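Heads up, the final residue of the sequence shown is numbered 42 in this note's numbering, and it's a clean run with no missing numbers.
Positions of the beta carbon are idealized from the N, C-alpha and C atoms, including for glycine.
None of these values were measured; they are calculated from a predicted model.
Data block below; observations after.
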Amino acid sequence: MNNKGAQNAFYNAGKETFNSSMARLLAPPLTFIYIYI
């Protein structure tokens with residue numbers, strides 16, 4: 006039984022959504038910090 010491909014697909018999808026949501030959460034403070042500096 007080899008479902009590593011499915012595991013990788015789920016892992017990549019979760020990583021992508023996690024990264025995009027983290028970018029959405031971190032973008033405003035980072036832009037503010039860059040403008041402030």
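- When rounded, the separation of the alpha-carbon atoms in Ile40 and Pro34 is 10 Å.
- Straight-line spacing of the CA atoms in Ser25 and Lys9 works out to 24 Å.
- Between the alpha carbons of Asn17 and Phe23 lies a gap of roughly 10 Å.
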